[in-house]
Amino acid sequence: MSLEIEKVTVQVEADEPRKVVEGVSLTVNPGEIHALMGPNGSGKTSLLYAIAGHPNYQIIEGDVRLDGESIVSLSPDQRSLKGILLGFQNPREIPGVKLSTLLLAATNKRAGVQDLLKVQNPRMLVEARRYARELGLDPSVLRRDVNLGFSGGERKRSEILQALILKPRYVLLDEPDSGLDIDGVKAVAKYINKLAENGSGVLLVTHYARILNYARPHRVSVIVNGRLVESGGPELAETLEREGYARYGGEEA
Amino acid sequence: MTEAVKTSKLEEILGGWPGEELYGVEKEYAKEVEIRGKIERGLIEEISRIKGEPEWMLRLRLRALELFEKYPMPNWLVGVEHIDLEELSQYVKPKAERVSSWEEIPKEYREAYERLGLPELEQRFLMGLTAVYDSETVFHRFKKELEKKGVILLPMEEAVQKYPDLVKQYFAKVFPPSDHKFAALHVALWSGGTFVYVPPNIRIEQPIEAFFFIGASMEGQFEHTLIVADENSFIHFIEGCSAPLLKKYSFHDGMVEIFAKKGSHVKFTTIQNWSRNIINFNNKRAIAEENAFVEWLEGSIGSQITYTYPSTVLRGRGSRTSNIVIGLANGPYLKDTGSKVIHVAPETKSRIVSKSISNAGGINIYRGLVKISPSAENAFAQVDCDSLIMDSESQAHTFPHIQVDNPTATVSHEAKTGRLSDDQLFYMQSRGLKEGEAKALIVLGMLQDVLPDLPLEYVSVLSKVIQLEFSEVGAVG
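Written out as structure tokens, the structure is:
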């Protein structure tokens with residue numbers, strides 16, 4: 001039981017396609033936080049997009065298996081229903097769709113309720129309001145259009161909030177700490193820990209080791225120029241915090 | 254701009270659309286009378302004779318026929334050139350007498366209404382319902398308490414017989430046949446529809462509905478609705494339209510006339526969900542007298558091509574109108590919608606809101622006219638056009654026309670066009686929603702500020718219809 005990323009090569013579909021991740025292998029275990037670190041432009045976001053099924057990020061070699069089952073031929077929504085959830089670094093604005101509506105539709109979908117807007121389980125919204133408060137969000141955020149006019153911090157918190165409600169088997173978090181002040185980092189880290197405690201496997205992409213002081217990783221992997229250069233235990237994050245990425249010969253972060 | 258629609262043959266557009274699940278399929282059913290052929294005096298006289306009409310109505314029809322023959326085809330209309338009016342049945346009387354209980358309607362007709370949940374809605378929610386099948390009314394019932402209050406709600410033909418003076422005063426007066434070729438055609442051939450008169454100071458708190466159903470291909474439906482709201486009265490009238498998936502096309506050329514007297518409030522809601530075989534032409538106009546308020550809410554979901562421009566003439570001081578027009582073109586279909594408001598009197602106010610959604614090659618066109626006459630002191634007019642384009646094959650065009658002949662007027666126009674990006678779609682999909690489901694949520698979101706105008710029962714129906722519309726079943730090609 002794990003999310004296995006096996007020798008994955010990702011190509012960005014553009015006028016001139018280019019490989020942004022090459023031969024990366026990682027394993028994310030349920031209940032564990034796996035930190036994926038690396039300098040800017042090293043391919044971390046591309047890898048997450050490819051796992052979640054973004055059409056412009058194609059896995060051209062290798063495989064991704066969710067608890068033993070390959071998911072690379074599935075559509076993004078099918079992957080999500082299988083238990084993958086991507087928390088975006090820069091989540092998009094969806095004008096017209098309230099955050100509560102999105103959560104309602106997503107939970108109904110998971111429960112097999114056909115009318116996506118049917119309020120099937122009112123407790124979900126109660127839970128969402130509670131998590132919102134705990135994450136430092138005004139619960140009125142649920143009545144606002146998804147990400148529309150949200151501050152950077154609100155967006156980050158909203159992504160974690162969605163993960164807490166949707167309870168994915170594996171959650172991919174793309175720099176959930178960037179742009180947050182220290183209280184924000186602490187709040188978000190607390191609930192990343194909670195996601196893991198609740199049994200989700202967490203692939204936590206981060207640029208800085210700061211968040212790892214609060215969300216303690218079980219494993220740390222480093223990716224530079226699209227390739228995996230080192231893997232280790234939590235101590236690796238501390239080393240990186242002291243020395244930066246220069247030790248891999250890449251660009252300074 | 255509309256070349257895609259212009260060059261595609263009707264059959265091509267209609268071919269291969271898997272709409273059976275949504276609309277049901279065309280079935281054989283008994284017709285008592287079916288009249289087709291050249292639209293000429295003899296045909297009009299025949300329809301009039303079947304209806305046993307008074308002389309004045311026949312004369313009105315024949316005058317309209319003359320205008321129809323005289324007028325050229327409107328050159329701004331796209332798609333009508335495909336219609337051969339002469340191959341259509343101009344009048345179809347189903348083999349069903351008009352009744353006032355669902356059980357009495359022959360099964361083959363009743364099924365169409367049951368499929369749409371109409372009997373339940375009528376019982377639970379409506380003050381009255383008229384159901385028209387092809388050219389004639391097959392069901393008509395309204396609450397006795399309204400009758401006691403002096404409300405008249407009748408199939409149009411019966412009103413012509415029973416209240417000739419009242420009908421004569423307004424029929425084809427709000428929307429005269431001289432307006433354009435299809436208005437003339439409508440008045441010449443009209444059949445079916447509803448007449449409503451609301452006496453002074455009577456408020457009908459629950460809606461009255463008219464439902465129009467076209468059962469077969471190659472038919473023309475020309476129903477006529479006339480609402481006269483006397484002083485300080487209120488009525489909410491709902492119009493629904495449906496048809497099964499037809500083998501060929503059919504043509505709808507209906508008319509709605511509203512006369513809102515001093516201080517009255519008339520709300521007219523249309524939920525049009527014709528199958529994709531219907532070419533839908535609408536003629537809708539209201540006249541608002543002093544301090545009257547007219548609201549149009551026009552939701553065009555179905556049909557192959559729709560032309561509809563609910564219009565209001567603000568003739569009395571302080572009269573107001575709110576015209577909300579929603580067009581959904583999902584697939585290679587055309588929604589040519591808009592609204593007209595003519596400010597004649599001082600202190601008049603209008604608001605036009607157009608919301609269009611174009612998806613999977615759909616085209617929306619907004620045509621609007623706001624005219625402030627020299628006599629309309631201190632008029633206020635606001636136009637908002639909101640277009641959403643879901644993919645690169647779809648289009649939206651806006652042709653607002655504003656003519657201000659009085660310097661005291663306040664007129665504003667705002668148009669915005671949103672496009673759904675791949676990244677937005679991916680965001681929604683990453684939450685477990687299919688592309689179509691994501692789009693349905695976005696569409697419903699776009700409509701959320703106008704939906705509260707609808708009774709709750711209809712909001713829920715509309716929400717399901719739009720979800721179904723974007724589901725795999727309703728998807729195009």
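Residue numbers (our numbering), protein chains in the order written: chain A, 1 to 253; chain B, 254 to 730.
Ideal placement from N, C-alpha and C gives every residue a C-beta, glycine not left out.
DSSP places lysine 402 of chain B in the coil class of the three-state scheme, outside both helix and strand.
Put simply, of A/Leu164, A/Tyr214, A/Asn108 and A/Ala111 the residue whose alpha carbon is nearest the alpha carbon of tyrosine 131 of chain A is A/Leu164. The contact set of tyrosine 711 of chain B on chain A, defined by CB atoms closer than 7 Å, is empty, because the minimum CB distance reaches about 14 Å. For tyrosine 619 of chain B, the three-state secondary structure derived from DSSP is strand.
Looking from the CA of valine 696 of chain B, the closest CA among A/Ile71, A/Leu117 and A/Gly87 belongs to A/Leu117.
One alpha carbon belongs to glycine 698 of chain B, the other to isoleucine 94 of chain A, and they sit about 9 Å apart. When rounded, the separation of the alpha-carbon atoms in tyrosine 619 of chain B and alanine 539 of chain B is 20 Å. Counting every other CB atom within 10 Å of its CB across the protein chains shown gives isoleucine 182 of chain A a total below 16, marking it as exposed.
In the three-state reduction of the DSSP assignment, lysine 593 of chain B falls in the strand class.
Under the three-pair Cβ rule at 8 Å, the region 706–719 of chain B counts as touching the region 519–531 of chain B. Going by C-alpha positions, leucine 341 of chain B is about 42 Å away from valine 657 of chain B.
Close partners of glycine 96 of chain A in chain B (Cβ separation under 7 Å): Ile695, Gly698, Met699 and Gln701.
Around glycine 671 of chain B, the beta-carbon contacts reaching into chain A at under 8 Å are Pro95. Runs of beta strand (DSSP E) with 3 or more residues, each lying fully within the region 30–71 of chain A, are found at 33–37 and 57–66, listed in chain order.
The beta-carbon separation of asparagine 530 of chain B and serine 503 of chain B, rounded to 6 Å, stays under the 8 Å limit for a contact. Annotated three-state conformation of glycine 244 of chain A is helix, per DSSP. Per DSSP, the unbroken beta strand (DSSP E) holding phenylalanine 633 of chain B starts and ends at 633–642.
Three or more pairs of CB atoms, one per stretch, sit closer than 8 Å, so the region 43–51 of chain A contacts the region 20–32 of chain A. The distance from the Cβ of glycine 445 of chain B to that of valine 385 of chain B is about 4 Å, consistent with a contact at the 8 Å cut-off. The residues Ala613 and Gly614, in chain order, have a CB closer than 8 Å to that of glutamate 646 of chain B in the same chain once the five nearest residues on each side in sequence are set aside.
In this structure tyrosine 562 of chain B touches serine 592 of chain B by the C-beta definition: roughly 6 Å separates them, less than 8 Å. For methionine 471 of chain B, the three-state secondary structure derived from DSSP is coil. Assigned with DSSP and collapsed to three states, phenylalanine 424 of chain B falls in coil, not helix or strand. Around the beta carbon of methionine 1 of chain A, fewer than 16 other beta carbons lie within 10 angstroms, which makes this residue exposed. Taking 7 Å as the CB threshold, phenylalanine 679 of chain B lines the interface with chain A. In this structure, the straight-line span from the alpha carbon of histidine 505 of chain B to that of glutamate 690 of chain B is close to 31 Å.
Contacts between aspartate 115 of chain A and chain B, judged by CB atoms closer than 8 Å, involve Ser716, Lys717 and Gln720 in chain order. Residue state for tyrosine 324 of chain B is assigned as coil, using DSSP reduced to three classes. Per DSSP, the unbroken alpha helix (DSSP H) holding aspartate 676 of chain B starts and ends at 675–682.
When Cβ-Cβ separations below 7 Å define contact, glycine 552 of chain B makes no contact with chain A.
Contact check for valine 703 of chain B and isoleucine 579 of chain B: beta-carbon distance about 7 Å, within the 8 Å limit, so the pair qualifies. The C-beta of serine 683 of chain B comes closer than 7 Å to at least one C-beta of chain A. Counting along the chain, the unbroken alpha helix (DSSP H) around alanine 436 of chain B starts and ends at 434–442.
In this structure, asparagine 583 of chain B sits away from proline 627 of chain B, with a CB-CB distance that is not shorter than 7 Å. The beta carbon of leucine 567 of chain B does not come within 7 Å of any beta carbon belonging to chain A, so the residue lies off that interface. Residues of the region 44–64 of chain A with a C-beta atom less than 9 Å from some C-beta of chain B are Tyr49, Ala52, Gly53, His54, Pro55 and Asn56, listed in chain order.
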